[in-house]
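K.L.:
Take this structure, written in structure tokens, and hold onto it; I'll ask about it next.
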Amino acid sequence: MHLTSPSFKENSARALADAPLQRALAKVPLGFIDKRRAAADALPEFEALRDKAVEIKNHALKHLDLYLEAFAEKVEAAGGTVHWAADAEAARAIVLDLARKRGAKSVTKSKSMISEEIELNDFLEQNGIQPVETDLGEYIIQLRHEHPSHIIAPAIHVNRDQVEADFRRAHADLDPQRDLSDPRSLLAEARQVLRRRYGEADMGITGANFLVAETGSAVIVTNEGNADLTQLLGKCHVVIASIEKIVPTLEDASQLLRVLARSATGQDMSVYTTVVTGPKRAEDLDGPEEFHVVLLDNGRSAMLGTEFEEALRCIRCGACMNHCPVYQTIGGHAYGWVYPGPIGAVLTPSLIGVEDAAHLPNASTFCGRCEEVCPVRIPLPKLMRHWREREFERHLQPAPMRWGLGLWAFAARRPALYRWGTSLVAPLLSRMAGKKQRFSSLPLAGGWTKGRDLPAPEGKTFMQQWAERRSAAGKAKA
Amino acid sequence: MATSPRETMLARIRQAAAGGVSQAERRKAVAARLAEHPKGIVPARGQIDREGRVALFTEMAGRAGARVQRIATYDALPGAVADWLRAANLPAEVIMSGDPRLAAAPFETTALSIRNGASDGSDLTGLSHAEGAIAESGTLVVLSGPDNPNSLNYLPDNHLVALSADDVEGAMEPFWQRLRMHYGEGAMPRSVNLITGPSRSADIEQTLLIGAHGPRELVVFLIG
Ligand code: SF4
Chain A
1 MHLTSPSFKE
11 NSARALADAP
21 LQRALAKVPL
31 GFIDKRRAAA
41 DALPEFEALR
51 DKAVEIKNHA
61 LKHLDLYLEA
71 FAEKVEAAGG
81 TVHWAADAEA
91 ARAIVLDLAR
101 KRGAKSVTKS
111 KSMISEEIEL
121 NDFLEQNGIQ
131 PVETDLGEYI
141 IQLRHEHPSH
151 IIAPAIHVNR
161 DQVEADFRRA
171 HADLDPQRDL
181 SDPRSLLAEA
191 RQVLRRRYGE
201 ADMGITGANF
211 LVAETGSAVI
221 VTNEGNADLT
231 QLLGKCHVVI
241 ASIEKIVPTL
251 EDASQLLRVL
261 ARSATGQDMS
271 VYTTVVTGPK
281 RAEDLDGPEE
291 FHVVLLDNGR
301 SAMLGTEFEE
311 ALRCIRCGAC
321 MNHCPVYQTI
331 GGHAYGWVYP
341 GPIGAVLTPS
351 LIGVEDAAHL
361 PNASTFCGRC
371 EEVCPVRIPL
381 PKLMRHWRER
391 EFERHLQPAP
401 MRWGLGLWAF
411 AARRPALYRW
421 GTSLVAPLLS
431 RMAGKKQRFS
441 SLPLAGGWTK
451 GRDLPAPEGK
461 TFMQQWAERR
471 SAAGKAKA
Chain B
1 MATSPRETML
11 ARIRQAAAGG
21 VSQAERRKAV
31 AARLAEHPKG
41 IVPARGQIDR
51 EGRVALFTEM
61 AGRAGARVQR
71 IATYDALPGA
81 VADWLRAANL
91 PAEVIMSGDP
101 RLAAAPFETT
111 ALSIRNGASD
121 GSDLTGLSHA
131 EGAIAESGTL
141 VVLSGPDNPN
151 SLNYLPDNHL
161 VALSADDVEG
171 AMEPFWQRLR
181 MHYGEGAMPR
191 SVNLITGPSR
201 SADIEQTLLI
211 GAHGPRELVV
221 FLIG
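These protein sequence lines are chains A and B, in that order. Per UniProt numbering, the first sequence runs over residues 1 to 478. Per UniProt numbering, the second sequence runs over residues 1 to 224.
Shown next, in the form of structure tokens:
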């Protein structure tokens with residue numbers, strides 16, 4: 001996808017002024033937050049399971065090479081093939097080659113963030129192969145030529161009436177008089193149209209939530225059942241997954257599944273959790289004839305062994321963005337790349353370079369809610385702070401910010417100077433602010449005051465007030 | 001000599017992940033975990049007796065939108081299926097898995113028209129047999145295999161599932177153990193389908209709608 005992270009500020013301003021988007025975003029907290037809370041509260045072992053999830057992921061990452069080897073061996077033993085892709089380009093070439101070998105003209109796909117990361121759809125189209133997204137949300141945004149704005153609810157930024165207009169445009173062969181006012185009729189129409197597409201597909205591409213080293217299985221979770229139809233009807237099933245999806249055993253996958261759906265949608269289990277291993281067996285009556293797994297690195301191995309390794313524990317539940325006040329205000333597209341929200345602010349600089357993503361780690365109020373709800377306890381605020389530090393070291397911040405911080409640091413190291421300076425400025429600002437005692441605009445702080453007023457200081461500094469109160473208290477006691 | 005992408009990737013990962021620990025030690029840790037598959041935390045909720053598990057499964061599956069109907073024996077299954085179809089105003093036609101327990105049930109005593117095999121998508125109602133169920137979350141465990149084509153679970157609008165009450169376990173873990181016993185360590189059927197309620201989507205304005213790509217109705221006949 002076209003990278004727009006460098007213009008994060010402009011993206012955000014546009015998002016704030018986008019009325020339909022703001023209408024859609026208002027619903028984010030209503031759905032996800034309460035449901036997650038209720039599901040977590042209903043399971044007494046939930047917090048202990050989160051600790052287990054951390055342990056499992058850490059162990060898997062520490063032994064990642066060995067578990068990947070074990071996984072590949074089992075996939076091959078079950079009659080499947082593993083492909084190793086160091087970067088996006090390699091992954092795209094592998095998928096295209098598989099499609100060409102089968103003479104595929106159309107491929108069905110179930111939601112995969114990795115597919116977004118490697119920009120697979122555009123690439124397939126350029127090569128004459130039609131990708132068909134089957135997850136309802138993904139289907140909607142494919143019709144709109146957009147990208148997902150949320151990792152589990154890709155069309156969360158789209159309103160119902162927009163979907164209706166898209167369907168009328170895209171499904172021109174259907175009766176123009178049909179009633180689509182009920183969301184259920186939209187769902188039924190998508191189901192009907194996509195059933196036909198499934199029939200035409202020569203290949204089915206899915207992501208994976210987990211890869212199990214013990215058995216060479218991919219664990220694929222959906223609520224719609226679209227991933228199951230994708231692999232069942234596609235004749236050739238291709239799983240594309242990044243290397244950190246590996247877990248050692250089926251039991252480990254079970255521990256993670258117990259926190260995944262609860263954190264994501266507040267369900268105890270998603271509707272379909274499917275553990276697939278190899279192609280259909282000789283005696284099976286249906287299922288794909290071929291099974292391929294594409295293992296993608298694309299910058300992840302460079303995070304191993306660094307302070308950012310912890311971000312590789314992510315199981316893509318979406319809780320951090322659902323609970324993020326910044327995400328709730330600007331939505332996912334403003335982040336400008338594949339992964340939005342707090343995890344996006346940490347991953348994007350790691351995967352595409354901090355030069356292009358320098359703004360993202362600053363998109364935080366440091367309220368800490370993301371870390372509180374993250375099922376694998378990724379210290380997201382701390383990791384964002386690490387990026388800010390690196391960014392400062394590398395002089396990637398704008399000059400006024402660097403001068404300002406430099407001036408502040410100079411004074412802060414000299415307490416007498418600092419006190420003298422603030423005692424001059426505080427009464428001055430207080431007088432300037434007038435009766436309202438608030439600034440609605442300030443030079444050099446336009447970005448800050450555009451969205452809110454700055455309360456003026458009360459005329460005396462904290463240190464002055466503190467000294468006065470202490471002496472007053474001393475007198476009262478005496 | 002050029003190395004393969006596999007070797008290059010693995011070497012890079014090994015170097016970053018190992019953190020100074022010897023390769024022998026790391027191999028030992030991995031082999032041990034794969035052999036022992038430690039269970040971790042299994043919620044107390046499902047660790048109860050048979051009747052408790054059946055009751056919990058019924059409650060949890062119901063919450064997920066499935067209908068659970070308990071019948072005494074396999075002999076009562078054909079009648080229960082026919083009754084359900086009639087009440088739902090559906091044609092008396094079913095595509096059925098070849099599971100021996102279903103094959104032995106007296107379907108000839110009903111007016112149902114039964115077909116065996118995989119579904120091509122034109123069937124309104126499918127009937128499969130579950131390997132078991134998970135009480136903790138109200139989840140059915142359905143294995144693919146020559147007797148249970150996977151298409152029966154996903155293509156028909158109405159998915160009917162026969163489940164023996166003896167096969168209701170508290171949690172997911174006993175099934176992993178069962179699969180190891182049946183297929184051997186590290187081997188699996190093509191697909192293990194864990195199904196919790198009928199298919200759904202909340203992709204339009206976060207409104208939950210039942211009946212996305214998969215079945216709109218999930219009906220469990222709990223036997224025994
Ligand atoms: S960082 Fe944590 S909360 Fe965010 S998507 Fe990943 S696992 Fe979920």
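All C-beta atoms, glycine included, are put in the ideal place defined by N, C-alpha and C. Please read all numbers here as calculations on a predicted model, not as lab measurements.
On the CB-based measure, 16 or more other CB atoms within 10 Å of its CB, does residue 500 (chain A) come out buried or exposed?
P.N.:
Examination of residue 500 (chain A) is not possible in this model, given that chain A is present from 1 through 478 alone.
K.L.:
May I have the straight-line CA-CA distance separating Ser144 (chain B) from Ile41 (chain B), to the nearest angstrom?
P.N.:
C-alpha separation (whole angstroms): 28 Å.
K.L.:
At a threshold of 7 Å, does Ala319 (chain A) count as lining the ligand SF4 (C-beta to nearest heavy atom)?
P.N.:
Answer for Ala319 (chain A): yes, Cβ within range of the ligand SF4.
K.L.:
By how many angstroms is the C-alpha of Asn226 (chain A) removed from the C-alpha of Pro215 (chain B)?
P.N.:
11 Å
K.L.:
Measuring only between beta-carbons, confirm whether Asn89 (chain B) sits less than 8 Å from chain A.
P.N.:
With respect to chain A, the C-beta atom of Asn89 (chain B) has no partner C-beta closer than 8 Å.
K.L.:
Give a yes or no on whether the C-beta atoms belonging to Asp147 (chain B) and Glu217 (chain B) are separated by under 8 Å.
P.N.:
Remark: C-beta atoms of Asp147 (chain B) and Glu217 (chain B) do not approach each other more closely than 8 Å.
K.L.:
Need the endpoints of the beta strand (DSSP E) that Val276 (chain A) sits in, please.
P.N.:
272 to 276
K.L.:
Please find out if some non-hydrogen atom of the ligand SF4 comes closer than 7 Å to the beta-carbon of Arg316 (chain A).
P.N.:
Yes, since a heavy atom of the ligand SF4 falls inside the 7 Å radius drawn around the Cβ of Arg316 (chain A).
K.L.:
In chain B, which residues lie with their C-beta within 8 Å of the C-beta of Val163 (chain A)?
P.N.:
Ile204
K.L.:
Please report the residue range of the beta strand (DSSP E) in which Gly207 (chain A) lies.
P.N.:
For Gly207 (chain A), no beta strand (DSSP E) segment is defined, and its DSSP state is neither H nor E.
K.L.:
Quick one, which of A:His150, A:Ser217, A:His59 has its alpha-carbon nearest Ala78 (chain A)'s?
P.N.:
When A:His150, A:Ser217, A:His59 are compared, the shortest CA-CA separation from Ala78 (chain A) is found for A:Ser217.
K.L.:
Quick one: does Val338 (chain A) have its CB under 8 Å from some CB of chain B?
P.N.:
no
K.L.:
Within 10 angstroms of its Cβ, does Gly126 (chain B) collect 16 or more other Cβ (buried), or is it exposed?
P.N.:
Buried, because 16 or more other Cβ atoms sit within 10 Å of the Cβ of Gly126 (chain B).
K.L.:
For Gln267 (chain A), which residues in the same chain have their Cβ closer than 6 Å to its Cβ, ignoring the five residues on either side in sequence?
P.N.:
Ala261
K.L.:
Helix or strand or just coil, what does DSSP make of Trp84 (chain A)?
P.N.:
strand
K.L.:
Which residues does DSSP pair with Cys236 (chain A) in a beta bridge?
P.N.:
In DSSP, Cys236 (chain A) forms a bridge with A:Glu290.
K.L.:
Measure from the C-beta of Val346 (chain A) to each C-beta in chain B and report whether the shortest distance is under 8 Å.
P.N.:
no
K.L.:
Per DSSP, which residues does Thr125 (chain B) bridge with? Please list them.
P.N.:
B:Asn158
K.L.:
Could you pull the DSSP bridge partners for Gln69 (chain B) from this structure?
P.N.:
B:Phe221
K.L.:
Whole angstroms is fine: what's the gap from Leu21 (chain A)'s alpha carbon to Ala48 (chain A)'s?
P.N.:
37 Å
K.L.:
Closer than 6 Å by C-beta to Pro6 (chain A): which residues in its own chain qualify, once you throw out the five before and the five after it? Chain order, please.
P.N.:
Asp356
K.L.:
Relative to chain A, which residues along the segment 91 to 124 of chain B have a C-beta separation below 7 Å, given in chain order?
P.N.:
Gly117, Ala118, Gly121
K.L.:
Contact criterion: CB-CB distance below 8 Å. Does Ala276 (chain A) meet it with respect to chain B?
P.N.:
Correcting the residue type first, residue 276 (chain A) is Val in the shown sequence and not Ala. Cβ-Cβ to chain B under 8 Å: yes for Val276 (chain A).
K.L.:
Determine the DSSP secondary structure at Lys27 (chain A), reduced to helix, strand or coil.
P.N.:
coil
K.L.:
Going by Cα to Cα distance, which pick from B:Pro91, B:Pro100, B:Arg190 is closest to Glu289 (chain A)?
P.N.:
B:Arg190
K.L.:
Arg369 (chain A): buried (16+ other C-beta within 10 angstroms of its C-beta) or exposed?
P.N.:
buried
K.L.:
Which chain A residues sit within Cβ distance under 9 Å of Lys39 (chain B)?
P.N.:
Within chain A, the residues near Lys39 (chain B) are Glu251, Ser254, Gln255.
K.L.:
With a threshold of 7 Å on Cβ separation, who are the neighbours of Asp252 (chain A) within its own chain once the five nearest residues in sequence on each side are excluded?
P.N.:
Ile56
K.L.:
Do we get a CB-CB distance below 8 Å when we pair Gly186 (chain B) with the residues of chain A?
P.N.:
yes
K.L.:
Mind listing, in chain order, the continuous beta strand (DSSP E) runs of no fewer than 3 residues lying wholly within the segment 82 to 130 of chain A?
P.N.:
106 to 109
K.L.:
Give the secondary structure of Thr134 (chain A) by DSSP, where H, G and I count as helix, E and B as strand, and everything else as coil.
P.N.:
coil
K.L.:
8 Å is my cut-off, CB to CB: does Asp34 (chain A) come that close to chain B?
P.N.:
no
K.L.:
Listing by chain order, which chain A residues have their CB less than 7 Å from the CB of Leu127 (chain B)?
P.N.:
Chain-ordered listing is empty here: chain A has no CB closer than 7 Å to the CB of Leu127 (chain B), the nearest sitting near 15 Å.
K.L.:
For Ala478 (chain A), which residues from the same chain have a beta carbon less than 8 Å from its beta carbon, with the 5 sequence-adjacent residues on both sides left out?
P.N.:
With a pLDDT of 47 at Ala478 (chain A), under the threshold of 50, the modelled position of this residue cannot be trusted, and the question is left open.
K.L.:
Where do the N-terminal and C-terminal ends of the alpha helix (DSSP H) with Thr58 (chain B) fall, by residue?
P.N.:
50 to 63
K.L.:
Could you spell out where the alpha helix (DSSP H) holding Asn58 (chain A) opens and where it closes?
P.N.:
46 to 62
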